[in-house]
Every structure is written in C-alpha cells, then in structure tokens.
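Q: The structure follows.
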Amino acid sequence: MYRERGDHIITQVTEHKAVLDTCKRLEKHGFRVTFLPVNADGLIDLGDLARAIDEKTILVSIMAANSEIGVLQPIAEIGKLCHERGVLFHTDAVQAVGKIPVDVIADNIDALSLSGHKIYGPKGVGALYVRRRNPRVQVAAQMDGGGHERGMRSGTLNVPGIVGLGKACEIAQAEMASEAARLGALRDRLKNKLETELDFIHINGSMEHRLPGNLNASFLYVEGESLLMGINDVAVSSGSACTSASLEPSYVLKALGLGDEVAHSSIRFGLGRFNTEAEVDYVAAKVVDIVKKLRELSPLYEMAKEGIDLSKVQWAAH
Amino acid sequence: MAYSDKVIDHYNNPRNVGQLDKSSTEVGTGLVGAPECGDVMRLQIRVNPETQVIEEAKFKTFGCGSAIASSSLATEWIKGRTVDDALTVKNTEIVKELSLPPVKIHCSVLAEDAIRAAIGDWKKKNTAAETTEASNESEAAPETMTK
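Sequence order for the protein chains is A and B. Per the working numbering, residue 122 is the first one in the first sequence, and the count goes up by one each step. Per the working numbering, residue 36 is the first one in the second sequence, and the count goes up by one each step.
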C-alpha cells in the first residue's frame, strides 16, 4: 500500500527471525532493506538510524526487547525520529509487553506486535496494534471475506483466545511494577552468584537497558550444549530456542561482536512469574558445579589458565 | 536432544581425563577441532617403546556431550592396543557404540582424527629421535599448535 511512496525499509540485525525473514522476503520482491548494526551492548545507534532514512523510506521496524539478550532498544527516541521524518514505525514488542511499560501514543508507535504466550496468556493468539490517526496506518488485508477486524483480517474471531489475551494483559499490567522489581532482584542475585564463583564469565548485552527477567552469560571454554546436558532439569537455552535445530552459534550474540567460540558458550536464563529465590539459588549452584566440572575436561580452559592466547593458536578446523 | 545412555554415562563419568607430559618422546599429542566450531579435542597417548603398545591414553575435550563421549570412548578403545592396531579404530564404530544421531557424526570423526593426530605426533617424534639422537631435547616437543 505504501509502495508508491517508497521502497525502503529499515530494521536491525538482532531482530527476531519473524522480522528478519519477512524483510528478506520483501527484498526478493524488490524492496531495499537496511539492516542496522548494533554495538557491543546490543543497542542500535540513533545517528545510524537517522542517516539511514532517505526520501524513499516507508517503514522502520525495530524491536522493543530482544528475546535472547533482553536488551531494550530506545523505542521512544526511535518513534520520535520516525515521526519527525514522516516514516512509519513498527515495533516487535512480543518480549516487552507486560514486562515494561509500553505506550503507543507517547512513544509514537504506528504498529506494534504482541503475543499471548509470552505474557502467560493462551498460545496461538497475538495482536497487531495499528494506529488509526496521526497518521492513519493502512494495512493490506491478510485475507478477504467478511470484513472482520476492520477488513484487515477477515474470519470468525477466536473469542476464547482474545478473552485470554485480554485477561493476561490485565494481570500483567496490575503486577508489572512489583514483578519487575522482584525479577530484577532475582536476576541480579543469579548474576552475582555466578560471577562470584566462576572466572571467565561474560555477560552478553547491556545490563542497563534490559528486561528484568533476562540474563545471558557466556561461560568461556565450556560448550553450551554440554552445559545444558548437565542442567537438564532446568529450562534454559543455548543459542536461541527458535533456531536451536541448527548447531550454529546465535546470530544475535555474533552481532554483538562475540566470537563464535564465545557464542557457543552462552546460556540464556529467563526468569518469570513462577520462579522463586530458592530456584535461583538452586540453578546458580548447579551451573557453577557443572561449569567447574566441564572446565576440568576442557583443554581450552587449561590453555587459558596457562596464559596461552587461544586466538593465536592455529586450529586444525575440519 | 536425546542422548543415548552410553553418551550420558561417558558424560557423567568421563574415562581417562587428564594430560601427559607432551615433551616426553613416549608421548604423542593430538589437538584437533577449533573453538569457533564448538569442538576441540586433545588426545594423548604414552607408548611403550619396546612393544609399541599404548599404555596410557588421556583426553580433554571442549564440546557437546557427544564430543566428550566420543573422545572418552576413544581413549578406552586404544588403551592396551599397539599403535598400528589403534589406527584401525573407525569413526563409524564410535557412532554405532554411542548411537550418535546424524548431526553428531562429526564428533566421532573428530575423535578418529584425534587418535590419528596423537599417533602421528608420536611417530614424528620417534623417527626424528632415531635420526638425530643428539637433538632429542629440542625435537622431542613439537608443538601441536603453531605460534
């Protein structure tokens, strides 16, 4: 619908595949897509964004919170910039909604995606906020027939899903402030315990601009999958769950400038509504135990301890 | 990822973990794989110069559970065998013994490579030691890694 106005879309490299793959498909249909880089903390540079916008830019899509590293992009600043330049702003707020305040009016958000299952709602239901005025955002119909949902998505509505999503939002809204404080404290407790007990640990992504319940750490010289195997009674993930079918290290961590070997050593811890302090202590003790055990097995840890610079070793890669 | 009971057993109770003095002429060291690929194995053997029998085998591995199990199993299999006999160990036998899934076959390949690299290092040292006995000391410890 905006094709006559321009052909340029801006996003960034640590977006979820739902956005990245969509942008790649649009490229095949003749759109130009700019994938902005992120800094070592996982944040985009607003100057980069401002420079990337040209007279043919029709859409900026930048996520609110990252699923792997929990990093929060400066959504309000991005929204303001987009509106000053007359460009629509979509944000993937699937990880942010219900966890941090999101205000589509104050933050100049034109379109926002959210999902029920990330906020303790039903699976299989989500929502796309579409701004109605200043500016009015027009969306091509996903399917025809009946004109439901303002003609954008015809078909009988999933009422139980919608009600469940609404209730989940209501509960999340009511508990957000206290829950954010509680999870932030638990997360910091986990981080402190790990950092106190272990050397060669690297926290991935900004700690300042971050979801309260997320911790992503690399335990150098220990391979992530072997670590998961040792803590198989805890639901954590190495790389990202969505792409864990591949043995490739996380593209998000690589975008932060981490080497493959550091990305291979990373674990994402996600804390939520039902986690307790006792569970955090259990996980911390278990991770410390397994990391120490695996480092006893690790030739790389031994070499690092001996002061050998692993980046200078000529590896016989196969 | 479902692991076989044997992989889990080797992961929980790895056999022959450790290191041998890599400067000894009786010791061969193989370091294979690369950190950026997520697997590095170091396998070492101590060979009896009289009998050519591998009397000791040690490993350390950075990698997934299957990589740990493959290298642990490899040390078990080559211990007590002659060098030439140990070279007949095939990655497919490791795959079969540990019931490795297709995505983990590279772990067994790496273990076979590690055996060959360790034996190759030992052979290189010992042919070098025979030809130039005087320079034993300097020839004795060729770095498996350069720089």
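Backbone N, C-alpha and C define an ideal beta-carbon position, used for all residues, glycine too.
With a 10 Å radius around its C-beta and 16 neighbouring C-beta atoms as the bar for buried, classify Q294(A) as buried or exposed.
A: The residue labelled residue 294(A) in the question sits at position 173 within the first sequence. Flag for Q294(A) reads exposed.
Q: Using the beta-carbon count (16 or more within 10 Å), is G272(A) buried or exposed?
A: As a working note, residue 272(A) is residue 151 in the first sequence. G272(A) comes out exposed.
Q: With H, G and I counted as helix, E and B as strand and the rest as coil, what does DSSP make of G127(A)?
A: Residue mapping note: residue 127(A) aligns to position 6 of the first sequence, counting from 1. G127(A) falls in the coil class under three-state DSSP.
Q: Please work out which residues of its chain come closer than 7 Å, Cβ to Cβ, to D175(A), disregarding the five sequence neighbours upstream and downstream, and give them in chain order.
A: As a working note, residue 175(A) is residue 54 in the first sequence. Correct list, in chain order: H129.
Q: Taking only beta-carbon atoms, is L431(A) less than 9 Å away from chain B?
A: Position 310 of the first sequence, counting from 1, holds the residue named residue 431(A). At least one chain B Cβ lies under 9 Å of L431(A).
Q: Tell me whether P370(A) is buried or exposed, calling it buried when 16 or more other Cβ atoms sit within 10 Å of its Cβ.
A: In the first sequence, counting from the first residue as 1, residue 370(A) sits at position 249. With 16 or more other Cβ atoms within 10 Å, it is buried.
Q: So, with DSSP's three-state summary, where would you put Y403(A)?
A: Here residue 403(A) corresponds to residue number 282 of the first sequence, with the count starting at 1. If DSSP states are grouped into helix, strand and coil, Y403(A) belongs with the helices.
Q: Is it true that the region 250-265 of chain A meets the region 290-307 of chain A, where meeting means three or more beta-carbon pairs spaced less than 8 Å apart?
A: As far as the Cβ criterion goes, the region 250-265 of chain A does not touch the region 290-307 of chain A, which means the pair count is below three.
Q: Where do the ends of the beta strand (DSSP E) carrying G115(B) lie?
A: For the purposes of this step, residue 115(B) is taken as residue 80 along the second sequence, with counting starting at 1. Neither: G115(B) is in no beta strand (DSSP E) and is coded neither H nor E.
Q: For a contact meaning CB atoms closer than 7 Å, what does G98(B) contact in chain A?
A: By 1-based counting over the second sequence, the position of residue 98(B) is 63. Going along chain A in sequence order, the residues near G98(B) (Cβ under 7 Å) are E344, S347.
Q: In or out: Q133(A) buried (at least 16 other Cβ within 10 Å) or exposed?
A: Numbered from its first residue, the first sequence carries residue 133(A) at position 12. Burial call: buried.
Q: Under a CB-based cut-off of 9 Å, is P49(B) close to chain A?
A: As a first step, residue 49(B) must be located in the second sequence, where it is residue number 14. By this cut-off, P49(B) is an interface position.
Q: If you measure beta-carbon to beta-carbon, which residues of the region 67-101 of chain B are closer than 9 Å to chain A?
A: Those would be V67, G68, A69, P70, E71, C72, G73, D74, V75, M76, R77, F94, K95, T96, F97, G98, C99, G100, S101, in chain order.
Q: Under the rule that 16 or more other beta-carbon atoms within 10 Å means buried, what is N255(A), buried or exposed?
A: Taking the first sequence and counting its residues from 1, one reaches residue 255(A) at position 134. The residue is exposed, with fewer than 16 neighbouring Cβ atoms inside 10 Å.
Q: Can you give, in chain order, each stretch of the beta strand (DSSP E) that sits fully within the region 208-273 of chain A and has at least 3 residues?
A: With a minimum length of 3 residues, the continuous beta strand (DSSP E) runs that stay inside the region 208-273 of chain A are 209-213, 232-236, 247-251.
Q: Give the DSSP bridge partners of E91(B), in chain order.
A: As a working mapping, residue 91(B) is identified with position 56 in the second sequence. According to DSSP, E91(B) bridges with R81(B).
Q: If you follow the beta strand (DSSP E) that I199(A) is in, where does it begin and where does it stop?
A: Taking the first sequence and counting its residues from 1, the one referred to as residue 199(A) is at position 78. Unbroken run through I199(A) is the alpha helix (DSSP H), 196-205; no beta strand (DSSP E).
Q: CB-CB under 6 Å to P420(A), same chain, minus the five flanking residues each way: which ones, in chain order?
A: Within the first sequence, numbered from 1, the residue matching residue 420(A) stands at position 299. The answer is none, since no qualifying residue turns up.
Q: Quickly, what does DSSP pair M297(A) with across the bridge? List them, please.
A: Sequence index remark: in the first sequence, residue 297(A) carries index 176 (1-based). In DSSP, M297(A) forms no bridge with anything.
Q: At least one CB of chain B closer than 9 Å to the CB of H385(A): is that the case?
A: To locate residue 385(A), count along the first sequence from 1; it is residue 264. Yes, H385(A) lies at the interface with chain B (some Cβ there is under 9 Å from its Cβ).
Q: State the CB to CB distance for the pair A186(A) and K314(A), rounded to an integer number of angstroms; the pair is presumed to be in contact (CB under 8 Å).
A: Here residue 186(A) corresponds to residue number 65 of the first sequence, with the count starting at 1. Here residue 314(A) corresponds to residue number 193 of the first sequence, with the count starting at 1. No, A186(A) and K314(A) are not in contact; Cβ-Cβ is about 24 Å, not under 8 Å.
Q: What does I103(B) reach in chain A if we use C-beta pairs closer than 7 Å?
A: Locating residue 103(B) in the second sequence gives position 68, where the first residue counts as 1. Chain A residues near I103(B): S347, L418.
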